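Below is one structure, written out as structure tokens; comments come after it.
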Amino acid sequence: MTDTVTDTPMSSPAAAARQARLAAVLACPACHAPLAGTSQESLACAVCGHAGERRGAQLRFGGFGDEELKADALNRIKELVKTRFHRLYPTAIKVLSPVHDRPGLISGFLRGFDLDRDLVADFGCGTHRRDERIICMDGGSYGNVDIVTDLRRLPLADGSLAGGVSIAVLEHVPDPDAHIAEMHRVLRPGGRMLVFVPFMQPFHASPYDFQRYTEVGLREQFGRFEVLDVKVGAGPTSGMVWVLQEWLAMVLSFGSCRLYRAVLPLTWLLSPLKLLDLLLVHHPMAAQVASGFAIEIRKAA
Ligand SMILES: [Zn+2]
């Protein structure tokens, strides 16, 4: 999923303002004791001793090791492109990806916040920065990331966020319940999140891929929240095109994995078909084979 992407040096005034707001809500990811006011290199918890570290403006409390990020061939390529061309990566995905997001899905949700006042975080931002005022959190240490962390153990105080987005992340974790419990902990009462997850999408490890969700399955998964809305986040054509590309690459590679990897990029020529979803995303039966769903949830006040 892509949306507006900008990336500026950590030293910009906007970044400095964001870091200052973040410093006020920092907490130990292990015991949740406040870390506010700690200015030392090592962000050590005075209560339990659990320590993070600062790398420039980036705060590191764990996250993926290099081995995990480079675990499979597709992911090695993605990581290379993300690292070398990380500003271009979201644009490349937007053009070449078989998935067409519902227009304005994320930006529309974010407009419901006053980002100068409401602290909002991106849970698993990857290389995206959707707004200069949003806290970017990810397991990977990309240049745009404010907090490199295990998303099940966030270095944030209870109730510190007004909102958040989690876009195409939960399918990549083995224990979505633990991630959702942590979202619930760091949201303030009345705080809202937008979560996108896939339904009809081929296997795509980044660096792992564990599950898909139906509409009712998604409502069940977020049972601890008030569910405000579930909508098709990426339509039926997106669901079909990606499967078709994988199928074509398989049929035309005659059992050879090497040939499959050579043919697959050629099938990306079919990706523009996804634009049919501009219409089909609104079809009343679109949920039957939607590429993915977006759920908007609220923590009870
Ligand atoms: Zn602690």
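In our numbering, the protein residues as written are 1291 to 1591.
Cβ atoms here follow ideal geometry from the backbone N, Cα and C, with glycine treated the same way.
Just so we're clear, the structure is a prediction, and the values are computed from it rather than from any experiment.
Close Cβ partners of residue i (< 6 Å) along its chain, the five nearest in sequence each way excluded
i, result
"His1352", "This sequence places Gly at residue 1352; His is not what is there. Only Thr1439, Asp1440 meet the Cβ criterion."
"Ile1437", "Leu1349, Met1427"
"Pro1466", "Leu1460"
"Ser1332", "Ala1341, Glu1343"
"Val1315", "Leu1446, Ala1447, Ser1450"
"Phe1354", "Gly1429, Gly1430"
"Val1371", "Tyr1379"
"Leu1477", "Leu1451, Lys1589"
Short Cβ contact (8 Å threshold) for residue i with residue j
i, j, result
"Glu1505", "Phe1583", "yes"
"Arg1482", "Ile1383", "no"
"Ala1411", "Leu1378", "no"
"Pro1388", "Ser1561", "yes"
"Ala1326", "Ala1313", "yes"
"Arg1502", "Pro1492", "no"
"Met1490", "Gly1429", "no"
"Arg1423", "Leu1405", "yes"
Limits of the alpha helix (DSSP H) - the one that residue i falls within
i, result
"Met1575", "It is not in any alpha helix (DSSP H) - Met1575 carries neither H nor E in the DSSP assignment."
"Ser1397", "1395-1400"
"Gly1597", "With the chain running from 1291 to 1591 in the structure shown, residue 1597 is simply not present."
Option in the options with minimal Cα separation from residue i
i, options, result
"Val1553", "Gly1449, Leu1538, Cys1318, Leu1563", "Leu1538"
"Met1575", "Lys1521, Ser1456, Arg1548", "Lys1521"
"Tyr1432", "Leu1446, Arg1374, Val1463", "Arg1374"
"Gly1394", "Met1473, Ala1591, Ala1306, Val1571", "Val1571"
"Met1473", "Phe1489, Thr1381, His1494, Ser1456", "Ser1456"
"Leu1249", "Leu1405, Ala1468, Glu1536", "Residue 1249 lies beyond the stretch modelled for the chain, which goes from 1291 to 1591, so this question has no answer here."
"Arg1443", "Pro1492, Ala1320, Arg1478, Phe1493", "Ala1320"
"Ala1495", "His1462, Val1385, Glu1510, Leu1508", "His1462"
"Phe1500", "Ser1397, Pro1464, Gly1507", "Pro1464"
"Gly1346", "Leu1370, Ala1306, Ile1396", "Ala1306"
"Val1533", "Val1371, Ser1581, Arg1407", "Ser1581"
"Arg1514", "Cys1547, Arg1407, Ala1468", "Ala1468"
"Arg1407", "Thr1381, Gly1545, Ile1396, Arg1308", "Arg1308"
Cutoff 7 Å; reference residue i; Cβ partners in own chain excluding five residues on either side
i, result
"Phe1403", "Val1410, Ala1452, Gly1453"
"Leu1563", "Thr1527, Val1531"
"Ala1310", "none"
"Ala1590", "Pro1479, Glu1516"
"Ser1302", "none"
"Arg1475", "Asp1448"
"Asp1421", "Leu1400, Leu1405"
"Glu1510", "none"
"Leu1508", "Val1487, Val1520, Phe1583, Ile1585"
Host beta strand (DSSP E) of residue i (start-end)
i, result
"Leu1409", "Element bounds for Leu1409: n/a, residue is neither H nor E."
"Val1517", "1516-1524"
"Gly1582", "1582-1588"
"Leu1464", "Note that residue 1464 corresponds to Pro in the displayed sequence, not to Leu. From DSSP, Pro1464 is part of no beta strand (DSSP E); its letter is neither H nor E."
"Gln1348", "1348-1351"
"Thr1333", "The amino acid occupying residue 1333 in the given sequence is Leu; Thr does not appear at that position. That run of the beta strand (DSSP E) goes 1332-1334."
"Val1487", "1477-1488"
"Val1455", "1451-1457"
"Val1438", "1437-1439"
Own chain residues within Cβ distance below 8 Å of residue i, not counting five before or after
i, result
"Phe1512", "Ile1470, Val1485, Ile1585, Ile1587"
"Ala1323", "Ala1317, Cys1335, Ala1336, Val1337, Cys1338"
"Gln1578", "Pro1526"
"Pro1555", "none"
"Leu1386", "Trp1558, Ser1561"
"Leu1549", "Leu1542, Ser1543"
"Met1540", "Tyr1550"
Minimum Cβ-Cβ distance from residue i to chain D less than 8 Å
i, result
"Ala1334", "This model lacks chain D altogether, as it is built from one protein chain only."
Is it true that the stretch 1516-1527 meets the stretch 1563-1570, where meeting means three or more beta-carbon pairs spaced less than 8 Å apart? Three or more Cβ pairs drawn from the stretch 1516-1527 and the stretch 1563-1570 lie within less than 8 Å of each other, which places the two stretches in contact.
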